[in-house]
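With numbering that gives the first Met the number 0, the residue at position 173 of the sequence shown is 172, and numbering never jumps. Just so you know, even glycine gets a beta-carbon here, dropped at the ideal spot from N, CA and C. Nothing here was measured: the structure is a model prediction, and the numbers come from that model.
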Amino acid sequence: MNAPSAVPSASNAPTRFADIKGRTIAYREIGTGPALILCVRFRGILDSWDPAFLDSLACHFHVITFDYSGLGQSTGSPSYRPERLASDAIDLADALGLRQFIIGGWSLGGIAAQVVAAQIPDRISHVALIGTSPPGRLDPPSEPIFLQTALKPINDLADETILFFEPASASSREAAANSHQRIAARSESRSPAIPPETYLRLLQERAGEDIFADTNGYNTFLANCGIPILVITGDHEIVFPAPNWFALSRVWKSLHLLVLPQMGHGPQHEVPEMAADIIATFVRNRAKQPMA
């Protein structure tokens, strides 16, 4: 009698490849239910997500993660322009035959997710954003320690604690260490880290630009689109400070804003099960409305 195969999880799911428009997108999928495509952060790859968060999401959703074009295990020309990142998510959804799906994203990936929603609103049921920015200039801006830390060639646990957690909190420091260990546990088919020369070049290509310039009417669209939008952020968010969302709370008609105490840029890695449950409850209980 053959032994049963392991249940696919974030730690053992195979890396698959979709040939799309002259490039190959590396992706993984786990879980069943409504499709949820997640766009990753700056310098992020398939193995930048905390497996505990993905596995918790997989109890409710068909979770799909991927490497952007030209980064990680994907081929093609890389870019950090939001529209280019969004095209990767849309093209992957097309390749997988997903007519309707939830789009989610963390940090830079959250910006890409908003562009996806604006470009194909009829196909998006919900938007789930973590530690990210609305369209327009940041006010207040990122804290200087973000770039000082994020641009190091290698980020160790101390750097990750600064970047994604709340260093002033003992419980957050402990959560950082636990998340670091979970992420490092996968040994098979890991995506390679993005070389400094690559991410520095991609940043230089956007020098002087707002991280999410509202040049295509994104703010007006998202304010009135009727797609339920969830934003989860920490109260000490050093990259995209939470107050950037406050003025939108009565402007974006379907915005749901949750600020978690004593957390930083990666609350889904600090409280992975809680973050996944919040997203699942949000999707179950909020329905898309006609555009205002």
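What are the boundary residues of the alpha helix (DSSP H) that E236 is part of?
For E236, no alpha helix (DSSP H) segment is defined, and its DSSP state is neither H nor E.
Own chain, CB closer than 6 Å to P271, minus 5 neighbours either side, in chain order:
D49, A51, F52, S55
Please report how far the alpha carbon of G225 lies from the alpha carbon of M290, in whole angstroms.
In a straight line, the C-alpha of G225 is about 5 Å away from that of M290.
Within the same chain, show all residues whose beta-carbon is closer than 8 Å to that of P3, passing over the 5 residues directly before and after it, in chain order.
Residue placement at P3 cannot be trusted, given a pLDDT of 45 that sits under 50; what the coordinates show is reported in the next sentence. Closer than 8 Å at the Cβ level, and outside the excluded window around P3, lies no residue.
Would you mind stating whether G103 and L162 have Cβ atoms separated by less than 8 Å?
Remark: C-beta atoms of G103 and L162 do not approach each other more closely than 8 Å.
When burial is assigned at 16 or more other CB atoms within 10 Å of the CB, is M0 buried or exposed?
With a pLDDT of 41 at M0, under the threshold of 50, the predicted position of this residue should be treated as unreliable, though the coordinate-derived value follows. So M0 ends up on the exposed side.
Which residues bound the beta strand (DSSP E) around I102?
Start and end: 100-105.
Nonlocal neighbours in the same chain, by C-beta distance under 7 Å from S76, ignoring five residues either side
S68, G69
Could you round the C-beta distance between P227 and H255 to whole angstroms and report it? I think they count as a contact, below 8 Å.
7 Å
Test item: CB-CB of T160 and Q72 under 8 Å
no
My output table needs one value for F145: the three-state DSSP class, helix, strand or coil.
helix
Can you check DSSP and say which residues form a bridge with Y26?
Looking at the DSSP output, Y26 sits in a beta bridge with R15, F65.
Please give the ranges of any beta strand (DSSP E) in the segment 44-99, keeping only runs that are unbroken, at least 3 residues long and fully inside the region.
61-65
Check whether the segment 109-117 and the segment 277-285 are in contact - that is, three or more C-beta pairs closer than 8 Å.
no
Just to confirm, is the Cβ distance from N215 to K252 under 8 Å?
No, Cβ-Cβ distance for N215 and K252 is not below 8 Å.
Count the other CB atoms within 10 Å of the CB of P194; is the residue buried (16 or more) or exposed (fewer)?
exposed
Just to confirm my understanding: we take L257, look at its own chain, exclude 5 residues before and 5 after, and list those with CB closer than 6 Å. What are they?
I231
Let me know the secondary structure DSSP gives S170 once reduced to three states.
helix
Could you have a look at N1 and say whether DSSP puts it in helix, strand or coil?
Here N1 scores only 46 on pLDDT, less than 50, and its place in the model should not be relied on; the value that follows carries that caveat. Of the three classes helix, strand and coil, the one that applies to N1 here is coil, per DSSP.
Own chain, CB closer than 7 Å to E142, minus 5 neighbours either side, in chain order:
I237
Return the CA-CA distance between L137 and V6, expressed in angstroms with no decimal places.
Rounded to whole angstroms, L137 to V6 spans 42 Å at the Cα level.
Would P292 and P266 be called neighbours here (beta carbons separated by less than 8 Å)?
The question about residue 292 has no answer, for the chain in this structure spans 0 to 291.
Using the Cβ count rule (16 or more neighbours within 10 Å means buried), how would you classify T64?
Here T64 is buried. Its C-beta has 16 or more other C-beta atoms within 10 Å.
According to DSSP, I228 sits in a beta bridge with which residue or residues?
V126, L254
Among residues of its own chain, excluding the 5 on either side of L201, which ones have a beta-carbon nearer than 7 Å to its beta-carbon?
Excluding positions up to five away in sequence, the list reads P77, S78, Y79.
Distance, Cα to Cα, S25 vs I123?
The residue you asked about is not Ser; residue 25 is Ala in the sequence shown. The straight-line gap from Cα to Cα measures roughly 22 Å.
Taking C-beta to C-beta, are G62 and G108 nearer than 8 Å?
Note that residue 62 is Val in the sequence shown, not Gly. Cβ atoms of V62 and G108: not closer than 8 Å.
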